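*Asks:*
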Amino acid sequence: MNIYLLSVAEKGLFHRLEMGLVELAGIIKVLLEFIAIMLILYAIILTLQKFIRHCRRTNFDTVQRVLRLELGRYLILALELLLAADIVATAVSPTWDAIGRLAAISFIRTFLNYFLEREVIELERVTGMEMN
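Mapping to full-length UniProt numbering: the sequence shown position 72 is 72, numbers consecutive.
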């Protein structure tokens, strides 16, 4: 029976690798959150710009539906990115507390995403019918 014990140098290397992975996960999490925030900001600016440009020239209800549809698509993508950021953060520190928080956040974001997607599909259907 061979018992393999890590040497002090190997333990130090393993610890440095683990800390590097934790740091990399933190960077990825912040990057994903930043991208999601920028995406939301871009969507809001784009929506306001289109609203100002089109609200007086065409039917207000049609403009509102189309803009909600476009904004909803961006929000769905942003929610997916935020969920991915939470998963990355939990992957490197899987404590029960972190897992519980991830489960709660995942549930809320998935719930929001589900209903937002349903609304987008309904808006696509209604808008598509109006265009035909």
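No residue lacks a Cβ here, since even glycine has one placed at the ideal position from N, Cα and C. From a predicted model like this one, the values you see are computed outputs, not experimental measurements.
1. Where does the unbroken alpha helix (DSSP H) through Arg57 begin, and where does it stop?
2. Ignore the nearest five residues each way along the sequence and tell me which others in Lys29's own chain have a CB closer than 7 Å to its CB.
3. Quick one: grab the DSSP three-state call for Thr110.
4. Count the other C-beta atoms from every protein chain shown that fall within 10 angstroms of the C-beta of Met131, then say buried if there are 16 or more, exposed otherwise.
5. Look at the alpha carbon of Ile105 and the alpha carbon of Met19, and state the distance between them as a whole number of angstroms.
6. Glu23 to Val120, Cα distance in whole Å?
7. Leu67 and residue 135 - do their beta-carbons sit closer together than 8 Å?
8. With H, G and I counted as helix, E and B as strand and the rest as coil, what does DSSP make of Asn132?
9. Count the other C-beta atoms from every protein chain shown that fall within 10 angstroms of the C-beta of Leu41, then say buried if there are 16 or more, exposed otherwise.
*Replies:* To lay it out plainly:
1. For Arg57, no alpha helix (DSSP H) run applies, since DSSP gives it neither H nor E.
2. Cβ neighbours of Lys29 beyond the five flanking positions: Ala85, Val88, Ala89.
3. In this structure, Thr110 counts as helix in the three-state DSSP scheme.
4. With a pLDDT of only 40 at Met131, under 50, the local geometry of the prediction cannot be trusted, and the value read off the model is given with reservation. By the neighbour-count criterion, in which a residue is buried when 16 or more other Cβ atoms sit within 10 angstroms of its Cβ, Met131 is exposed.
5. When the Cα atoms are used, Ile105 and Met19 turn out to be separated by approximately 25 Å.
6. Using only the alpha carbons, I get a separation of about 37 Å.
7. The requested residue 135 does not occur in the structure, where the chain is confined to residues 1 to 132.
8. In this prediction, Asn132 has a pLDDT of 36, which is less than 50 and means its spatial position is unreliable; what the coordinates show is noted afterwards. Asn132 sits in coil when the DSSP states are folded into three classes, being neither helix nor strand.
9. Label assigned to Leu41: exposed.
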